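Asker: Residue numbers (this note's numbering): 173 to 241.
No residue lacks a Cβ here, since even glycine has one placed at the ideal position from N, Cα and C.
Please read these numbers as outputs of a predicted model, since none were measured by experiment.
Sharing a structure here in structure tokens format.
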């Protein structure tokens with residue numbers, strides 16, 4: 173019987189999403205980030221992995237993560 177902690181829903185393809193940065197300022201680029209997600213929505217994937225090692229999660233501070241949310 174499922175107890176709410178099951179990971180059965182974690183099936184299929186989950187893609188890592190990179191965190192884009194502005195080439196001039198070096199700041200995160202939220203608009204580009206959202207454009208990346210919109211492009212992924214056009215593909216047959218099951219979910220996203222954000223702020224992982226590919227998304228520079230360990231290097232982003234809380235404010236930057238909130239700006240991308």
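In chain order, what residues of the same chain lie with their CB nearer than 7 Å to the CB of residue 199, ignoring the 5 residues before and after it?
Answerer: Start at 1 with the first residue of the chain shown, and residue 199 comes out as number 27. Hits under 7 Å: 193.
Asker: With 16 other CB atoms within 10 Å as the buried threshold, where does residue 209 fall?
Answerer: Residue mapping note: residue 209 aligns to position 37 of the chain shown, counting from 1. Counting Cβ neighbours within 10 Å, residue 209 comes out exposed, since fewer than 16 surround it.
Asker: Output the distance between the C-alpha atoms of residue 185 and residue 239, rounded to the nearest integer angstrom.
Answerer: On the chain shown, residue 185 is found 13 positions in, with the first residue counted as 1. On the chain shown, residue 239 is found 67 positions in, with the first residue counted as 1. The alpha-carbon atoms of residue 185 and residue 239 are separated by roughly 26 Å.
Asker: Measuring only from the beta carbon, is residue 188 closer than 7 Å to any heavy atom that is part of the ligand FMN?
Answerer: For the ligand FMN, the structure offers nothing, since it holds no ligand at all.
Asker: Just to check my reading of the structure: residue 218 and residue 190 have Cβ atoms closer than 8 Å, yes? What is that Cβ distance to the nearest angstrom?
Answerer: In the chain shown, residue 218 corresponds to position 46, counting from 1. In the chain shown, residue 190 corresponds to position 18, counting from 1. Wrong, their Cβ atoms sit about 18 Å apart, outside the cutoff.
Asker: Excluding the 5 residues flanking residue 233 on each side, which residues of the same chain have their C-beta closer than 6 Å to its C-beta?
Answerer: Position 61 of the chain shown, counting from 1, holds the residue named residue 233. So the list is empty, once near-sequence residues are dropped.
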